[in-house]
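In this note's numbering, the protein residues as written are 156 to 257.
Ideal Cβ placement from N, Cα and C applies to all residues, glycine included.
In this text the structure is predicted, and so the values were computed from the model without any measurement.
A quick write-up on the structure given underneath.
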């Protein structure tokens, strides 16, 4: 019997993350993380913290890394530009760095 491939999904607490969980959950070994742990299949991770993000991904040793987290509320983004930049830009750059070094 072959071993299931692993998928690490960061920012998995929203509608897209739930869809990924539903589609991939039976065929892959998943680790689903989010800053807002609103379901029992989620574990906590603030992906804006590069060291924590990198350590969590490395310890899971996934075959694939999906980074889904982002702010999409335009009003929030306009009122909180630094937080939005950190979440929607820097964290994505960090995900690319982590994926390239897996």
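For residue 237, the enclosing alpha helix (DSSP H) starts and ends at 236 to 240. Judged by pairs of C-beta atoms under 8 angstroms, the region 167 to 175 touches the region 183 to 190, as three or more such pairs exist. For residue 190, there is no enclosing beta strand (DSSP E), as DSSP marks it with neither H nor E. Annotation: residue 199 to residue 235 spans about 22 angstroms, alpha carbon to alpha carbon. In the three-state reduction of the DSSP assignment, residue 161 falls in the strand class, which pools E and B.
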